[in-house]
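Q: Protein chains in written order, with the working numbering: chain A, 1 to 114; chain B, 115 to 231.
(1) Taking the continuous beta strand (DSSP E) assigned at residue 7 of chain A, which residues delimit it?
(2) Taking all protein chains shown into account, do 16 or more other C-beta atoms lie within 10 angstroms of the C-beta of residue 107 of chain A, making it buried, or fewer, making it exposed?
(3) Suppose you measure from the CA of residue 134 of chain B to the CA of residue 14 of chain A; what does that come to, to the nearest Å?
(4) Starting from residue 121 of chain B, follow its DSSP beta bridges and name the residues at the other end.
(5) Near residue 61 of chain A, which residues of its chain fall below 6 Å by C-beta distance, leaving aside the five closest residues on each side in sequence?
(6) Taking the straight line between their C-alpha atoms, what separation do you get for residue 91 of chain A and residue 33 of chain A?
(7) Suppose contacts are defined by Cβ-Cβ distances below 9 Å. Is residue 152 of chain B in contact with residue 196 of chain B by that definition?
(8) Just to confirm my understanding: we take residue 29 of chain A, look at its own chain, exclude 5 residues before and 5 after, and list those with CB closer than 6 Å. What are they?
(9) Identify, in the order they occur along the chain, each residue of the same chain with its Cβ nearer than 7 Å to the Cβ of residue 200 of chain B, setting aside the five sequence neighbours on each side.
(10) Would you mind telling me which residues of chain A sit closer than 7 Å to residue 180 of chain B, beta carbon to beta carbon, in chain order?
(11) Using 9 Å as the threshold, is the C-beta distance between residue 46 of chain A and residue 149 of chain B below it?
(12) Straight-line CA distance for residue 16 of chain A to residue 101 of chain A?
(13) Classify residue 105 of chain B as buried or exposed, calling it buried when 16 or more other Cβ atoms lie within 10 Å of its own Cβ.
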């Protein structure tokens with residue numbers, strides 16, 4: 001089946017630390033891959049995406065590269081800020097019977113301390 | 115455009131009551147999705163509309179759940195005879211038609227948090 005597995009949280013870092021949140025996937029087809037972020041009290045927002053192997057998505061200093069050989073899409077940021085504290089969701093999408101279904105991981109809660 | 119909106123934001127109901135939620139998508143988006151998110155988990159797909167047609171329903175959507183999208187604009191999700199297990203955040207998302215590679219993004223609303231007592 002189709003599934004996403006994320007690094008378990010919570011993750012707590014100090015400001016300016018390097019961040020990696022691991023994400024691996026299982027898919028029957030050729031998915032697109034996404035990272036969504038959910039800030040406290042807000043809805044899900046798309047952070048970045050990659051639609052094919054070796055694509056790199058980037059936004060707000062975050063990056064993730066679509067690695068087909070390792071079925072991974074790890075999220076990285078070189079220097080985190082307190083404002084990056086949120087829950088991060090890795091997701092894949094497949095077109096199934098005409099619908100673009102998003103399959104999410106369980107989420108990783110990130111807390112950045114000043 | 116202010117994005118996807120959902121109403122109400124919070125709903126507390128007693129077990130056995132019926133509830134209805136509304137989602138207003140971004141106006142030019144013809145695709146609308148409902149997801150359910152329980153505490154500590156990622157959202158799970160419930161159902162999908164393309165314009166007014168409901169094209170896909172998850173096994174999670176029991177007979178007590180019904181969704182509509184009249185005229186291809188706003189959508190409603192009704193839960194009949196609510197159970198405590200229905201307590202969750204119900205998320206709505208919308209998107210435009212994208213490429214066959216599925217790379218187009220879904221824009222999410224703030225969600226409706228349902229608590230069944």
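Where a beta carbon is used, it is the ideal one built from N, C-alpha and C, also for glycine.
The structure displayed is predicted, hence computed values, not measured ones.
A: According to the data block:
(1) Premise fails: residue 7 of chain A is in no beta strand (DSSP E) and is neither H nor E.
(2) Taking a 10 Å sphere around the C-beta of residue 107 of chain A, we find 16 or more other C-beta atoms and assign the residue as buried.
(3) Spanning the two alpha carbons is a distance of roughly 43 Å.
(4) Note: residue 121 of chain B sits in a beta bridge opposite B/136.
(5) Cβ within range, chain order: 77.
(6) A direct Cα-to-Cα measurement between residue 91 of chain A and residue 33 of chain A gives close to 6 Å.
(7) No. Outside cutoff.
(8) Result list for residue 29 of chain A: 94, in chain order.
(9) Closer than 7 Å at the Cβ level, and outside the excluded window around residue 200 of chain B, lie 193, 228 and 230.
(10) Taking a Cβ-Cβ threshold of 7 Å, none of the residues of chain A is close to residue 180 of chain B; the smallest such distance is about 18 Å.
(11) No, the Cβ-Cβ distance between residue 46 of chain A and residue 149 of chain B is not below 9 Å.
(12) The straight-line gap separating the alpha-carbon atoms of residue 16 of chain A and residue 101 of chain A is approximately 35 Å.
(13) Residue 105 of chain B lies beyond the stretch modelled for chain B, which goes from 115 to 231, so this question has no answer here.
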